[in-house]
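Have a look at the structure below before the remarks.
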Amino acid sequence: MIVRYGGGNDGIVDYLINGRKAERQYTRDELDHRVVLDGDLQTTDKIIDSIENKSQERYLHITLSFHESHVSNEVLKAVVDDYKKLLMNAYHPDEYSFYAEAHLPKIRHIQDNSTGELVERKPHIHIVIPKVNLITEKFLN
């Protein structure tokens, strides 16, 4: 499994639902089956929007990518549960918002726009954590 950490200020909900990327011609519904594994996307979006926008990262975006071409929903859920337990162990559950969804490819191969090469698409999980402590309303570190 490959783990990639990033973050953003805005746009994650649109990306997860619609698959919008500048160089991409396909929509999310064309690309993937979406499987919610933890949390509620609308609640997460409202929390992100409630964080004052100073052009800073308002959420953490983690992607867990798999080598396997097929991963069962049960395994995906177990991976998220274990990852959440390790990542958030310093916090009480009511201090944070945590959202996770899997993208299971409908289109298994896609052409890379910069190289022209055909790239295999694999199952992967997106995790979104707003960077605010829901109790103290301070930065979630």
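Under our numbering, the first residue of the sequence shown is numbered 8, with each subsequent residue one higher. Note that beta-carbon positions come from the ideal geometry of N, C-alpha and C, so glycine has one too. The structure presented is a predicted model; accordingly, all values stated were derived computationally and were not measured.
In the DSSP assignment, what are the bridge partners of GLU108?
-> The count along the sequence shown starts at 1 and reaches residue 108 at position 101. Answer is VAL43 and HIS133, bridged to GLU108.
Cβ contact check for the segment 45–60 and the segment 135–142: 3 or more pairs under 8 Å | In the pairwise beta carbon analysis, the segment 45–60 is classified as touching the segment 135–142: at least three pairs are separated by under 8 Å.
When the distance is taken between beta carbons, is ILE19 closer than 8 Å to HIS68?
-> Position 61 of the sequence shown, counting from 1, holds the residue named residue 68. Position 12 of the sequence shown, counting from 1, holds the residue named residue 19. Closer than 8 Å, so yes.
Is it right to say LYS91 is buried, meaning 16 or more other beta carbons lie within 10 angstroms of its own, or is it exposed?
-> Residue 91 sits at position 84 when you count from the first residue of the sequence shown. Classification for LYS91: buried.
Answer yes if the segment 93–107 comes into contact with the segment 30–38, meaning at least three C-beta pairs across the two stretches below 8 Å, and no otherwise.
-> no
Counted within 10 angstroms of its Cβ, other Cβ atoms place HIS131 as buried (16 or more) or exposed | For the purposes of this step, residue 131 is taken as residue 124 along the sequence shown, with counting starting at 1. Residue environment: HIS131 is assigned as buried (16 or more neighbouring CB atoms within 10 Å of its CB, all protein chains considered).
When we look at the beta-carbon of PHE105 and count the other beta-carbons within 10 Å, is it buried (16 or more) or exposed?
-> To locate residue 105, count along the sequence shown from 1; it is residue 98. The residue in question, PHE105, is buried, as its Cβ has 16 or more Cβ neighbours within 10 Å.
Nearest to THR50 by CA position, among LYS145, PHE146, ALA107 and ILE114, is which residue?
-> Translated into positions along the sequence shown, residue 50 becomes position 43. Selection LYS145, PHE146, ALA107 and ILE114 evaluated against THR50 yields ALA107 as nearest (Cα-Cα).
Fully enclosed by the segment 53–113, which alpha helix (DSSP H) runs are 4 residues long or longer?
-> Runs of the alpha helix (DSSP H) inside the segment 53–113: 80–94.
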